[in-house]
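Undergrad:
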Amino acid sequence: MSFNPHQFSLDAFSSASREELVEYARWAETAERYEDMCQFMRKIVQLSASGDILSVEERNLLSVAYKNVVGTRRASWRTITSEAGDDANANAIKFREMVEAELESISNEVLGLLSDTLIPA
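Per our numbering, residue 3 is the first one in the sequence shown, and the count goes up by one each step.
#1: What residue range does the alpha helix (DSSP H) around PHE15 cover?
#2: Using a 10 Å radius around the Cβ and a threshold of 16 neighbouring Cβ atoms, would you call VAL112 buried or exposed?
#3: Counting along the chain, where does the alpha helix (DSSP H) carrying ARG80 start and finish?
#4: When the Cα atoms are used, what is the spatial distance from LEU83 to SER19?
#5: Which value, in whole angstroms, describes the spacing of the CA atoms of GLU31 and ALA67?
#6: Between MET43 and LEU56, is the Cβ-Cβ spacing less than 7 Å?
#7: When you compare each of ASN110, GLU104, SER16 to ARG75 by their alpha carbons, which one comes out closest?
#8: Can you round the beta-carbon distance between THR119 and SER50 to whole angstroms, since I take them to be within the 8 Å contact cut?
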C-alpha cells in the first residue's frame with residue numbers, strides 16, 4: 003500500500019489472530035486512524051483467503067476503513083480543484099495529481115481485495 007509513507011508497519015502484528023486484528027481495527031476506527039484500519043482489514047482479508055467469509059462486522063469495518071481513507075482524499079481533491087480553479091499553477095496541478103494518484107492507488111487496492119479474495123470467480 004503506497005498511499006501513506008508515514009504509516010506504521012504491520013510486522014509487529016504478524017502473529018495476531020483474526021479476532022485480535024478485528025479488535026485493533028476497532029481501536030484504529032475509534033482513534034480515527036483509518037490508514038491503519040485499512041492495514042488491519044487487509045490482513046484480515048488475506049487471512050480469509052483460505053475460504054472463510056468475512057463476518058458482518060468485518061465487512062462493515064472494511065467498508066468504514068476504505069470509505070474514510072477515500073473520503074478524506076476526495077475532500078482534498080475538491081478543495082484543491084476549487085481553490086486553484088482554471089488559473090492553477092504548476093504546484094497546484096502537481097499537488098492535485100499527487101492526490102489523484104493516491105485515490106487511484108487506494109481504489110485499486112480495495113478493488114484488488116474484492117476481486118482477488120472476497121468475490122469468488
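Glycine is no exception: its CB is placed at the ideal position from the N, C-alpha and C atoms.
None of these values were measured; they are calculated from a predicted model.
TA: If we stick to the structure as given:
#1: Here PHE15 belongs to no alpha helix (DSSP H), and DSSP marks it neither H nor E.
#2: buried
#3: 58-86
#4: Per the sequence presented here, residue 83 reads as Thr, with Leu not at that position. Taking the straight line joining both Cα atoms gives about 43 Å.
#5: 7 Å
#6: no
#7: GLU104
#8: 7 Å
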